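Asker:
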Amino acid sequence: MVRATQSRSPRCGFTLVELLVVIAIIGVLIALLLPAVQQAREAARRMTCSNKLRQVGIALHNYHDTYGKLPPGRVSTNRISWQVQILPQIEQNALFESIATSGAFNQPWENVAAMTNTGSPPLAKTIVDAYLCPSDIGDGINERLGTSPNQFGKSNYVGVFTAYYNPTDPTATNNAGGTDRDATFYDNSKVKFADITDGLSNTVIVAERRTGKSSGPAGSLWVGNHVGFGGAITVWEFQIRLRMERVSNDTDYNINGNSVYNPSSNHPGGAQFLNGDASVVFLPETINLRTQAALGTIDGGEIIPEY
């Protein structure tokens, strides 16, 4: 008997070289796609930030409609910020009422136990999402403007309280006849829209400030400033507000610089700002500082160049 022999077909598979080629191709695809994914995510975060700023602008308009003026940048007797004043307008009425009931409007808020160390959480440690840029780091508690356990709810949005102004030479260097002119949110301010004669669409009233990990910009606090808890900014006025640019020093105010004072964000290339008409504008890091300052004044009469 003759037995039929079965032919053995060779097994199919990858050679080592082919496997390495496939891995290399996958690596190249990931390298190409990952930046695009990151850019798409940042674009979405920037849009969310812009929408939050716009909602802050609408809240300020609603406050103005009710009281005939914008809230004070800071009330000097209790150190409460303008952001507390508009809590009812951003659907945080319960938090506002709790702050009022605590007695924080009648004395410096950091002296009130319900604000700083009692409750779950203490009122000043409440995270208010409406004031947080999604591109910023951290969890909503500002760890740069206070030492533990006295660290409070963060805000990435700060009111503009002064801006450089030179009526005779808008391009002059520092200390050449200019002044630091009151803007929108100074101490005990009562600014009305009618006072913003430069035009609501030409006037920046709120700016971004990011939170650096250990140096540089330190974010803000939505509740107000404090004087006794330490932190990166010891000059109280900068804890909750900013100058668009100062007569005596340029370098602290360029956008996305490494100062605790300047406008800043984690958005590449610049930061977002709220205009008086509730529109949001993205200002580039390359903007001329005098132009930046002119956008902050409310009645300077400056001609704003292209930026």
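When we follow UniProt numbering, the leftmost residue of the sequence shown carries the number 1, and every step to the right adds one. A virtual CB, placed ideally from N, CA and C, is assigned to each residue, including glycine. As the structure is a computational prediction, the values presented were derived from the model and not from experiment.
In terms of alpha-carbon separation, which member of V260, N254, T116, S279 lies closest to G269?
Answerer: Comparing Cα positions, the closest option is N254.
Asker: Rounded to a whole number of angstroms, what is the C-alpha to C-alpha distance between S50 and E110?
Answerer: Near 31 Å, if we compare the C-alpha coordinates of E110 and S50.
Asker: M1 to T15, Cα distance in whole Å?
Answerer: In this predicted model, M1 has a pLDDT of only 49, less than 50, meaning its place in the structure is not dependable enough to derive any value.
Asker: Which class does R79 belong to by DSSP, given the choice of helix, strand or coil?
Answerer: Reduced to three states, the DSSP call for R79 is coil.
Asker: By Cβ distance, which residues of its chain are closer than 8 Å to N266, with the 5 residues on each side in sequence left out?
Answerer: Excluding residues within five positions, the ones whose Cβ falls inside 8 Å are C133, S135, D136, I137, R210.
Asker: Provide the residue span of the alpha helix (DSSP H) that contains L295, from first to last.
Answerer: Run containing L295: 289–296, per the alpha helix (DSSP H) assignment.
Asker: What did DSSP end up calling L132 once you bin it into helix, strand or coil?
Answerer: Here L132 sits in coil by DSSP.
Asker: In terms of residue numbering, what span does the beta strand (DSSP E) encompassing T179 cover?
Answerer: Segment 179–182, the beta strand (DSSP E) holding T179.
Asker: Okay, do the region 229–247 and the region 92–105 touch, 3+ Cβ pairs below 8 Å being the bar?
Answerer: Touching, no, given that fewer than three Cβ pairs across the two stretches are closer than 8 Å.
Asker: Do you know whose CA, among T126, P284, T297, lies nearest D195's CA?
Answerer: Selected option, being the one with the closest Cα: T297.
Asker: What is the residue span of the beta strand (DSSP E) that A194 lies within?
Answerer: First-last for A194: undefined, no H or E at that position.
Asker: Using the Cβ count rule (16 or more neighbours within 10 Å means buried), how would you classify M47?
Answerer: When all chains shown are included, M47 counts as exposed.
Asker: For V206, which residues from the same chain have a beta carbon less than 6 Å from its beta carbon, with the 5 sequence-adjacent residues on both sides left out?
Answerer: Taken in chain order, the residues that qualify are Y157, G159, L274.
Asker: Can you tell me which residues form a DSSP beta bridge with E208?
Answerer: DSSP, once it has assigned bridges, lists Y157 as partnering E208.
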